[in-house]
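Contents: one structure, followed by commentary.
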Amino acid sequence: MNNKLLIDVGSTYFKISTFDAIEQYFRDFNKDILDDLMAKCGETISRFGKEDVYICSSANGGLRTLIIGITNSFSLKYAISIAFNSGINIIDTNLYQNIEDYSLPSDLIDVVIIVGGADTHSGLFSDSLYSYLEQLNYSNIVYAGTVRDAPSIRKHIKDVVVLPNIVDDRLHIVEEHLKEYLTNLYQQDIEGKEDIKHLYDITANQIFPTPYIVSKALPMIDAKFSVTDPFILLDIGGATTDIHYSKDLVEDNIVTESEYDRLVFKRLGVYKSKQSLIFAAQNNEFVYELLTDLKVTENIFHEQSEKATKVLMQLAIFLVLCKMSHYGKSFVNLKLLAINSIVLTGGITKVLVVEEIEMIIAFFYKKILTSDHNPVTVLDSNYDIWTLGAGGNQ
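Throughout the sequence shown, residue numbering follows our numbering, covering -14 to 379 in sequence.
Structure follows, in structure tokens:
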């Protein structure tokens, strides 16, 4: 690591890491990303050759993805897992048998993923799929379902990319082909974004999505933190909340190469998705009791203050834990009573201290799980975690 420079370009901050220090800079949104980066860090960057600079970014917002699958239990679940762990933003998922009942997304979709069936199956898709796709506005489309339906898919869908099936004959997940396609598509997306593609002026290496890099870092997390498996990592920022978790916390385990999985709650951010976070809080029966414990009223939702930001961050922690429990009925429920550590990273680490986080976690376990369980809280206040996955091991 002595001869490498790591750079994370976020939607709000730049972070750069050298052998002996990590520095953070608030972005100037009136400047091109590269110009702003060079103005703040140019002296440091100039000391490294392009081959020794490694960059990850979430500044382009990620790829907006729609997934269409045959079953919830296999194809959709597997494709969701692969997409999330590739750093992709899923805007919707459609079960094929109900496709005529789904409304059409109004915005442009960066990539549509179609999956379903083991390779022994055929005839799974019909005109209802093709009619739906004709009404969609999308840039890329990829098929990773049963091989027997691939010729028909090619015939009916223009410019479709056909990949090996993500479901093998033992109903296990095959992730590498779709994951590689999605990370490469992210690369192409960056190359199409005028202010981000200029970053290739300072690096000879591929730019990866930040969530993908964080996923790569998790097996090495104990190199910098006292973290005991199983653990969850919450990355709470301005637009979304990401949760990375040890896969032995899930009863219905997906067999993959990775020991960890990722989910994104795109409406639980504190700035860009503030109103949806407030709406979720107002519809949670325990939040008003929590606000009382925090010594505030619901008027805090209408304030613009440091105190209000703290409370929203605390509510984001509580709400995401609810969503991952039996109470939330989310895509996956975690065995939260088995957690030994809860790690927090992202913008939240600049707003809350450990005691303010521990109070929320204790409230959640007492009220939702009726337990005195007390996992250890670990705060990544220096943003060290991303550096573990960014140093050329992609």
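Even glycine gets a Cβ: it sits at the ideal position worked out from N, Cα and C. Keep in mind it's a predicted model, so treat the numbers as computed, not measured.
| Query | Result |
| --- | --- |
| Measure the Cβ-Cβ separation of L304 and T334 and say whether it is below 8 Å. | no |
| Can you check DSSP and say which residues form a bridge with S2? | L(-9), I7 |
| Could you tell me which whole beta strand (DSSP E) segments of length 3 or greater appear in the stretch 264 to 303? | none |
| With A319 and V235 assumed to form a contact (beta carbons below 8 Å), what rounded beta-carbon distance in angstroms separates them? | The sequence shown places Leu at residue 319, not Ala. Yes, they are in contact, since the Cβ atoms of L319 and V235 sit about 6 Å apart, within 8 Å. |
| Alpha carbon to alpha carbon, how far is P194 from Q299? Give it in angstroms, no decimals. | 26 Å |
| Considering only DSSP beta bridges, list what L364 is partnered with. | L329 |
| Looking only at its own chain, which residues have a Cβ that is under 6 Å from the Cβ of N79, when we skip the five neighbours before and after it? | I53, Y87 |
| By alpha-carbon positions, which one of F250, N74, G101 ends up nearest to T168? | N74 |
| Quick check: the Cα distance between E340 and T330, rounded to an integer number of angstroms? | 15 Å |
| Which residues does DSSP pair with H229 in a beta bridge? | L218, R247 |
| Given a cut-off of 8 Å on the beta-carbon distance, is the pair L22 and V96 in contact? | no |
| Going by C-alpha to C-alpha distance, which of K16, T372, D154, N83 sits closest to H183? | K16 |
| Does the beta-carbon of N378 have 16 or more other beta-carbons within 10 angstroms, so that it is buried, or is it exposed? | Per-residue confidence for N378 stands at a pLDDT of 48, beneath the threshold of 50, marking its modelled position as unreliable; the derived number appears in the next sentence. N378 should be labelled exposed. |
| With distances taken Cα to Cα, identify the nearest neighbour of G102 among E119, L118, P149. | P149 |
| So is Y10 in contact with chain D if we call contact Cβ pairs under 8 Å? | The displayed structure is made up of one protein chain only, and chain D is not part of it. |
| What first and last residue would you give for the beta strand (DSSP E) that runs through G54? | 49 to 54 |
| Taking DSSP as the reference, what is the three-state secondary structure of N150? | coil |
| Are L(-10) and T29 closer than 8 Å when you measure CB to CB? | yes |
| Considering only residues of the stretch 61 to 148, which uninterrupted alpha helix (DSSP H) runs meet the minimum length of 4 residues and lie entirely inside it, listed in chain order? | 62 to 70, 112 to 120, 135 to 141 |
| Mind reading off the beta-carbon distance from L114 to I84? Whole number of angstroms is fine, and I expect it under 8 Å. | 6 Å |
| Based on Cα-Cα distance, which residue from R133, H157, K308, F286 lies nearest to L61? | H157 |
| For D153, does the count of other Cβ atoms within 10 angstroms reach 16, so buried, or fall short, so exposed? | exposed |
| Expressed to the nearest angstrom, what Euclidean distance is found between the alpha-carbon atoms of F286 and F349? | 20 Å |
| Check each candidate in K295, E161, A6, A135 and name the one with the smallest Cα separation from S66. | E161 |
| Would you call the CB atoms of V336 and K295 closer than 8 Å? | yes |
| For Q379, name the three-state secondary structure that DSSP assigns. | With a pLDDT of only 43 at Q379, under the threshold of 50, the placement of this residue in the model should not be trusted; the figure read from the coordinates follows. Of the three classes helix, strand and coil, the one that applies to Q379 here is coil, per DSSP. |
| Tell me where the beta strand (DSSP E) around Y312 begins and ends. | Where Y312 is concerned, there is no enclosing beta strand (DSSP E), given that its DSSP letter is neither H nor E. |
| Closer than 6 Å by C-beta to N190: which residues in its own chain qualify, once you throw out the five before and the five after it? Chain order, please. | Y39 |
| Drop a sphere of 10 angstroms on the beta-carbon of M205, count the other beta-carbons inside from all chains shown, and report buried for 16 or more, exposed for fewer. | exposed |
| Can you give me the Cβ contacts of Q9 inside the same chain, cut-off strictly under 6 Å, excluding the 5 residues immediately before and after it? | Y(-2), K0 |
| Looking only at DSSP bridge pairs, what is P194 linked to? | S42 |
| Does the stretch 271 to 281 come within contact of the stretch 213 to 220, defined as at least 3 CB pairs closer than 8 Å? | no |
| Suppose you measure from the CA of S124 to the CA of L170; what does that come to, to the nearest Å? | 11 Å |
| When the Cα of S58 is compared with those of F11, L118, V317, which residue comes out closest? | V317 |
| Buried or exposed, going by whether 16 or more other CB atoms sit within 10 Å of the CB of L311? | This sequence places His at residue 311; Leu is not what is there. With fewer than 16 Cβ atoms within 10 Å of its Cβ, H311 is classed as exposed. |
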